[in-house]
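This report refers to the structure that appears directly beneath it.
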Amino acid sequence: MGSLKRSRRKQQMNEDSDSGSDFHNTYSMENDSPADNDDYEDDDGDDVNGHFARGDDEEGDDISGNEDEDENLEYTDEEKQERNDVEMNEEMAKLEQEYKELQHVEEDALENLKRHKDEDLQVARAVKNQKALWDKALEFRCLLQKAYSSSNRLPQEPIRTLFCDSDKGVLEAYSDVLTSAEKTLDSIHQLQEVLLEKNPSITQSSGVSLEKDSRQLESSGNSDGESDAQWLRISEMHSRMAPFRNKSIDKWHRKTQVTTGAASMKGKLHAFNQSISQQVGGYMRDPSKMIKGMLQNKSAVAQFGAVLGAVGSTNSEVTSMDGGDPELLDDSDFYQMLLKEFLETIDPNASETAFYAVKRLQVKKRKIVDRRASKSRKIRYNVHEKIVNFMAPQPMDLPPMAPMLLENLFGLKSQKPMVSPDS
């Protein structure tokens with residue numbers, strides 16, 4: 001912009017010089033006196049020189065003004081540069097702040113992941129410990145099955161007393177069996193108490209349930225101090241564990257229903273609007289059918305001291321009608337389910353074959369029925385109990401008006417006699 005002004009100023013000066021030279025030539029032609037010409041030249045020269053001087057001054061002024069404008073332009077560029085630097089610094093500060101925030105977020109995420117990892121590790125260790133406890137308890141239960149099934153063959157009263165009185169060795173062996181059984185039961189109770197105390201979700205049992213159980217034991221009539229204490233202890237454990245057990249089973253049942261769907265849940269305990277604990281509670285309100293299926297007959301167990309072939313006796317008939325002896329229990333169905341789970345932990349592929357092999361080896365329970373009595377070849381009858389307070393009949397004298405009263409009541413007096421067709 002300054003160079004353009006300088007070029008315009010030079011062009012104007014050239015035009016002024018050309019006009020001055022033309023004016024000097026015309027004036028010299030009109031006036032021939034040299035003095036005048038000199039004066040004019042001097043004057044004109046002065047004027048021209050002055051003009052030139054003014055032109056030079058104006059040009060110098062323009063050049064200095066252009067330099068000032070250039071300085072102003074350079075100053076604005078510096079300001080812009082400073083502003084750009086300030087903006088860049090602000091942007092860098094914002095970026096640093098965002099970077100710090102992102103870094104804090106990443107650190108928090110890493111801390112959360114580490115905490116979740118520690119929690120998952122604790123859960124995994126707890127599950128591992130629970131699995132180990134379950135496997136050991138299951139193995140212990142499998143080892144007790146033989147002793148449990150063999151205990152049904154022990155003689156009952158009065159045969160047990162005869163065995164013990166006949167030989168001291170039998171009495172000592174029988175007392176040793178009772179002592180070892182009591183110690184085993186105490187060890188199981190202690191282990192169960194330790195496990196329950198480690199779980200904070202299981203609270204202490206109230207005294208109401210214990211009083212109720214003690215009243216039931218007193219009303220049953222079987223008053224034995226040691227056995228009553230054992231049963232009260234078992235009832236206390238059951239009452240403490242039942243709420244936590246029902247809550248845990250219902251919780252995992254809901255989770256399995258959400259993940260696998262209700263259609264995959266097969267079995268008898270299948271209701272849409274009821275939990276597992278409610279269904280089991282409804283099923284256990286009348287446990288007579290289940291208990292009757294667990295009872296065994298003495299003839300099927302082959303107890304020591306029992307007379308073989310004494311099936312037709314009165315006691316055997318009563319036990320067969322009732323479903324079995326209440327002192328002889330068979331939990332083979334539960335044991336087979338536990339055995340199947342135990343085999344699955346060892347080898348999942350061989351569990352099914354082993355389960356069906358055990359099924360085939362199991363002795364099928366058959367009802368004691370006299371097959372020769374079918375098709376009415378024998379008279380079937382039930383022996384009634386003896387009559388209580390039986391008395392001989394006493395003769396009773398009727399009043400003389402009794403026949404007439406009965407005739408009036410039933411209309412026999414007004415009824416006409418039937419006439420025979422012959423008459």
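Residues 1 to 423 (UniProt numbering) are what the sequence shown spells out, left to right.
From the three backbone atoms N, C-alpha and C, an ideal C-beta is built for every residue, glycine too.
task = Using only alpha-carbon positions, find the residue among Ser-187, His-238, Pro-155, Val-369 that is nearest to Ala-137.
result = Ser-187
request  = Pull up the distance between the alpha-carbon of Leu-409 and that of Pro-399, whole angstroms please.
outcome  = Going by the C-alpha atoms only, they are around 16 Å apart.
key: Whether Ser-201 touches Phe-140 by CB criterion (8 Å)   = no
ask   = Are Cys-164 and Tyr-174 touching if we call contact CB-CB under 8 Å?
value = yes
key: Segment limits, alpha helix (DSSP H) that includes Leu-338   = 332 to 346
Cβ pair Asn-152, Leu-343 closer than 8 Å = no
query = Rounded to the nearest angstrom, how far is the Cβ of Met-294 from that of Asp-330, given a contact under 8 Å?
reply = Indeed, because the Cβ distance is near 6 Å, the residues count as touching under 8 Å.
query = Measuring CB to CB, does Ser-277 end up less than 8 Å from Ile-249?
reply = Their beta carbons are under 8 Å apart, which means Ser-277 touches Ile-249 by this criterion.
task = Specify the secondary structure class of Gln-81 as computed by DSSP and reduced to three states.
result = helix
task = With DSSP as the reference, label Glu-157 as helix, strand or coil.
result = coil
task = To the nearest angstrom, report how far apart Ala-93 and Tyr-99 are at their CA atoms.
result = 10 Å
key: Rounded straight-line distance, which links the Cα of Ala-109 to that of Ala-124   = 22 Å
message = Contact defined as beta carbons within less than 8 Å: I believe Arg-371 pairs with Lys-378. What is the distance between those atoms, to the nearest angstrom?
response = The Cβ separation is near 11 Å, so there is no contact.
message = Which of the three DSSP states is assigned to Thr-314 in this structure?
response = With a pLDDT of 41 at Thr-314, under the threshold of 50, the modelled position of that residue is not reliable, and no figure is offered here.
ask   = With 16 as the cutoff for other CB atoms within 10 Å, does Leu-339 come out buried or exposed?
value = If you draw a 10 Å sphere on the C-beta of Leu-339, you find 16 or more other C-beta atoms in it, and that means buried.
request  = Can you tell me which of the three DSSP states Glu-407 falls into?
outcome  = helix
task = Mind checking which residues open and close the alpha helix (DSSP H) that includes Leu-178?
result = 168 to 198
ask   = Leaving out the 5 sequence neighbours to the left and right, which residues in its chain are closer than 7 Å to Arg-233 when beta-carbon positions are compared?
value = When the five nearest sequence neighbours on each side are left out, the beta carbons in the same chain lying within less than 7 Å of the beta carbon of Arg-233 are those of His-189, in order along the chain.
ask   = In terms of residues, what are the limits of the alpha helix (DSSP H) holding Tyr-283?
value = 276 to 283
query = How would you write the range of the alpha helix (DSSP H) that Ile-387 sits in, first residue to last?
reply = That residue, Ile-387, is in no alpha helix (DSSP H); it is neither H nor E in DSSP.
key: Where the beta strand (DSSP E) containing Pro-326 begins and where it ends   = 325 to 329
Buried or exposed (CB count within 10 angstroms, at least 16 for buried), Gln-296 = buried
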